[in-house]
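J.: Take 2 as the starting number for the sequence shown in this note's numbering and just add one per residue.
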Amino acid sequence: MNRFEYVRAGTVAEAVGAFGAGARFIAGGTNLLDLMKYEVEKPGRLIDITHLPLKGIEEKDGGLRLGALATNAAVAYDSRVAERYPLLRNAILAGASAQLRNAATTGGNLLQRTRCYYFYDAGTPCNKREPGSGCPAIGGVNRIHAIFGTSDKCIATHPSDMCVALSALDAVVQVNGPDGERSIPFAEFHRLPGNEPEKDTTLKPGEIVVAVDLPEQGFSQNYTYLKLRDRLSYAFALVSVAAALELDGDSIKTARLALGGVAHKPWRNAEAEALLAGKPATRETFAKAADLIVAEAKPQSENGFKIELARRAIVRGLEQAAAGTPQSLSDKRIQ
2 MNRFEYVRAG TVAEAVGAFG AGARFIAGGT NLLDLMKYEV EKPGRLIDIT HLPLKGIEEK
62 DGGLRLGALA TNAAVAYDSR VAERYPLLRN AILAGASAQL RNAATTGGNL LQRTRCYYFY
122 DAGTPCNKRE PGSGCPAIGG VNRIHAIFGT SDKCIATHPS DMCVALSALD AVVQVNGPDG
182 ERSIPFAEFH RLPGNEPEKD TTLKPGEIVV AVDLPEQGFS QNYTYLKLRD RLSYAFALVS
242 VAAALELDGD SIKTARLALG GVAHKPWRNA EAEALLAGKP ATRETFAKAA DLIVAEAKPQ
302 SENGFKIELA RRAIVRGLEQ AAAGTPQSLS DKRIQ
């Protein structure tokens, strides 16, 4: 681990003002410290933001505002989240371990880096670490990598479970920075790799996440978070599905569908969601939406299995949501 300067900020303005070249904000540190130990990240300055007044969970415009420093555990076990946004609760509890959820923060969850083998190995080339050095995952070991939204520069996936649910809920990220405050729709917060895979988000230099706003509509009756992984505990998703439906009798009034483990950001397909609207909530309808989504998949040499896995997971997730029987948190096996 490299030597660095440590700064503790007491206000958001102090944190933003302390930012400069080579600086990083740190809160729970559950990802950044790992990256520093592996010498993937070498910040010259760490700005401790744990003393900022951003830990609250408050009512906001009919929805909830999650402070950026609210821990994953605090969000998951908040009674309002459990009652009104159970999709988010289930996604959080499907990820990491209890110990990590007690330390990891809402803002940090949004900003965690990929778990690509090559990204974590400082001895190999990686365009995310060193732009222009290459992507050995392309043609290499890529079983866990993306099948949507890739580029010839990067095929890494975003690792978060929480973000998949936030994407399906159409959350809004509130940030503050040198140019003041701004709101970023969740769909616009994370980036696809394109020609700049080193940039994970649309944050500007020095901007800090201060809150995440949940809209009034929480899909509390018809939802599921389905996570498919190599083992049933403490593993990242090969494919995950956040499905949320608003039903009118046996028909679908509104559908939200986000996938994890398959792209550089939580993956939404507006055309598939529009296809579901107004249709009967049947397996046939769900299969058509799934086929539409996976039709644009571009697998790598070792992850072609994700296409059929995603198709089946989408259908199963929509069936669970329509029936009001979300995936069990205690029994993670997919029946």
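Here a beta-carbon is modelled for each residue, glycine too, at the ideal position from N, C-alpha and C.
#1: Mind reading off the beta-carbon distance from D214 to R66? Whole number of angstroms is fine, and I expect it under 8 Å.
#2: Can you grab the Cα-Cα spacing for the pair S161 / D249, in whole Å?
#3: Hey, quick one: how far does the beta strand (DSSP E) through N304 stretch, first residue to last?
#4: From what residue to what residue does the beta strand (DSSP E) around E285 run?
#5: Does the segment 144-163 come close enough to the segment 262-282 that 3 or more CB-CB pairs lie under 8 Å?
#6: Terminal residues of the continuous beta strand (DSSP E) containing R9?
#7: What is the DSSP secondary structure of I148, counted as helix, strand or coil?
#8: Please go through the same chain and pick out, in chain order, the residues whose beta-carbon is closer than 7 Å to the beta-carbon of K333, but skip the five residues on each side of it.
#9: Between the alpha carbons of T12 and N73, how many angstroms are there, rounded?
#10: State the start and end residues of the unbroken beta strand (DSSP E) segment that holds E247.
#11: Grab the span of the alpha helix (DSSP H) containing T107 for me, first residue to last.
#12: Would a C-beta distance cut-off of 9 Å place S168 and A243 closer than the cut-off?
#13: The beta strand (DSSP E) spanning Y86 covers which residue range?
#14: Measure the C-alpha to C-alpha separation of S80 and T125 and round it to an integer number of angstroms.
#15: Thinking F287 and E320 are a contact (beta carbons under 8 Å), I'd like their distance in whole angstroms, please.
#16: Tell me the DSSP secondary structure of F100 in three-state form.
T.: On the basis of the supplied data:
#1: Here residue 214 refers to the residue found at position 213 of the sequence shown. Here residue 66 refers to the residue found at position 65 of the sequence shown. That pair is a contact at about 5 Å.
#2: As a working mapping, residue 161 is identified with position 160 in the sequence shown. As a working mapping, residue 249 is identified with position 248 in the sequence shown. The straight-line gap from Cα to Cα measures roughly 31 Å.
#3: In the sequence shown, counting from the first residue as 1, residue 304 sits at position 303. Judged by DSSP secondary structure, N304 falls outside any beta strand (DSSP E); it is assigned neither H nor E.
#4: Stepping through the sequence shown from its first residue, residue 285 is reached at position 284. E285 -> not in any beta strand (DSSP E); alpha helix (DSSP H) instead, spanning 284-295.
#5: yes
#6: Translated into positions along the sequence shown, residue 9 becomes position 8. Where R9 is concerned, the enclosing beta strand (DSSP E) stretches over 6-9.
#7: Position 147 of the sequence shown, counted from the start, is the residue given in the question as residue 148. I148: coil per DSSP, three-state reduction.
#8: If you number the sequence shown from 1, residue 333 lands on position 332. Once the five neighbours on either side are set aside, the close Cβ partners of K333 are L233.
#9: Along the sequence shown, one-based indexing puts residue 12 at 11. Along the sequence shown, one-based indexing puts residue 73 at 72. Cα to Cα, T12 sits roughly 22 Å from N73.
#10: By 1-based counting over the sequence shown, the position of residue 247 is 246. Start and end: 240-249.
#11: Within the sequence shown, residue 107 is the residue found at index 106, counting from 1. Per DSSP, T107 is one residue of the alpha helix (DSSP H) stretching across 107-112.
#12: Sequence index remark: in the sequence shown, residue 168 carries index 167 (1-based). Sequence index remark: in the sequence shown, residue 243 carries index 242 (1-based). Closer than 9 Å, so yes.
#13: As a working mapping, residue 86 is identified with position 85 in the sequence shown. That residue, Y86, is in no beta strand (DSSP E); it is neither H nor E in DSSP.
#14: In the sequence shown, the residue the question calls residue 80 occupies position 79. In the sequence shown, the residue the question calls residue 125 occupies position 124. Taking the straight line from one Cα to the other gives about 45 Å.
#15: The sequence position of residue 287 within the sequence shown is 286, counting from 1. The sequence position of residue 320 within the sequence shown is 319, counting from 1. Contact flag correct, Cβ pair sits at about 6 Å.
#16: The residue labelled residue 100 in the question sits at position 99 within the sequence shown. The sequence as given places Gln at residue 100; Phe does not occur at that position. Helix, per DSSP.
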